[in-house]
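Below, the structure written as structure tokens:
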């Protein structure tokens with residue numbers, strides 16, 4: 001179990017109410033945080049560890065826009081061997097230290113020919129193709145209901161704000177459906193064709209467990225994908241994690257701008 005008391009003590013006088021989960025290659029956003037306090041995951045008893053390149057395994061807490069935020073540089077994936085319930089425990093720990101709003105970013109492969117590598121996609125809905133759910137098991141009614149409603153998982157009002165700010169900055173931000181697979185291998189060409197038929201615009205190996213756990217805990221969610229490649233069969237070159245990181249970095253400048261603007265306007269009061 002995560003030591004919540006230790007977590008709160010490490011935050012010292014910081015009181016973030018917005019958390020940002022940074023995906024592969026997107027850790028640079030944390031550099032924009034003012035008056036930063038850095039906390040290593042290893043310093044929190046019971047907190048899981050990251051094992052993937054591009055995930056630093058630490059938190060940066062400080063000011064971004066008009067908000068005090070907690071940036072998680074590194075998330076946890078099913079393919080690392082973590083149970084989805086571990087991801088739920090992390091989200092519940094964020095709630096316990098005062099987080100009420102969660103901004104999630106990820107690196108994703110495009111299934112839509114109009115969504116090119118290096119661009120951004122605002123997630124409007126998801127398809128959980130992982131076969132796992134972070135809420136499996138006994139339910140704690142003190143955290144949330146047994147059967148949480150997912151009809152507004154990616155908050156409509158927050159999405160409207162983000163789209164308006166993107167338009168003002170002239171940053172393309174189409175909405176799309178994100179599909180989660182367990183990984184860690186990249187998908188086959190046949191799987192990509194199937195996913196497109198099912199209505200997905202992008203595919204990745206994260207985000208959905210965090211969203212489900214957050215909605216269960218009463219935390220508002222908005223999520224953005226950095227498009228890093230076209231799916232297998234949609235581009236001529238083989239896929240690699242290096243390509244994922246490189247194109248995520250290309251998208252990170254626009255993502256940093258959008259999230260900073262969003263936090264200036266949306267203070268979650």
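Numbering (this note's numbering), first residue to last: 1 to 269.
Glycine residues also receive a C-beta, built at the ideal position from the N, C-alpha and C atoms.
Bear in mind that the values here come from a model prediction, so they are computed numbers and not experimental data.
Practice item. Indicate the three-state DSSP secondary structure (helix, strand or coil) for residue 160 in the structure shown. Key: If DSSP states are grouped into helix, strand and coil, residue 160 belongs with the helices.
**Study point:** residue 18 to residue 96 span [Cα, whole Å]
**Key:** In a straight line, the C-alpha of residue 18 is about 12 Å away from that of residue 96.
Review point. With distances taken from CA atoms, which of 106, 87, 11 is nearest residue 61?
Key: Considering only alpha carbons, the answer is 11.
Exercise for review: State the Cα-Cα distance for the pair residue 58 and residue 231, rounded to the nearest angstrom.
Suggested key: Taking the straight line joining both Cα atoms gives about 30 Å.
Review point. For the stretch 221-240 against the stretch 182-193, are there 3 or more C-beta pairs whose distance is under 8 Å?
Key: Contact between the stretch 221-240 and the stretch 182-193 is present, because at least three Cβ pairs lie under 8 Å.
Check your understanding: Counting pairs of Cβ atoms below 8 Å between the stretch 200-210 and the stretch 106-125, do you hit three or more?
Key -> Verdict: yes, contact present.
Review point. Where does the unbroken beta strand (DSSP E) through residue 173 begin, and where does it stop?
Key: Under the DSSP assignment, residue 173 falls outside any beta strand (DSSP E); it carries neither an H nor an E label.
Review point. Can you name the residues that DSSP bridges to residue 90?
Key: None; residue 90 has no bridge partner.
Review point. By the 10 Å Cβ neighbour count, where 16 or more other Cβ atoms means buried, how is residue 21 classified, buried or exposed?
Key: By the neighbour-count definition (other C-beta atoms within 10 Å, threshold 16), residue 21 is a buried residue.
Check your understanding: With respect to the alpha helix (DSSP H) encompassing residue 11, which residues constitute its N-terminal and C-terminal limits?
Key -> From DSSP, the alpha helix (DSSP H) with residue 11 extends over 4-11.
Practice item. Report yes or no: do three or more beta-carbon pairs, one from the stretch 63-70 and one from the stretch 252-266, lie closer than 8 Å? Key: Because the criterion of three Cβ pairs below 8 Å is met, the stretch 63-70 and the stretch 252-266 touch.
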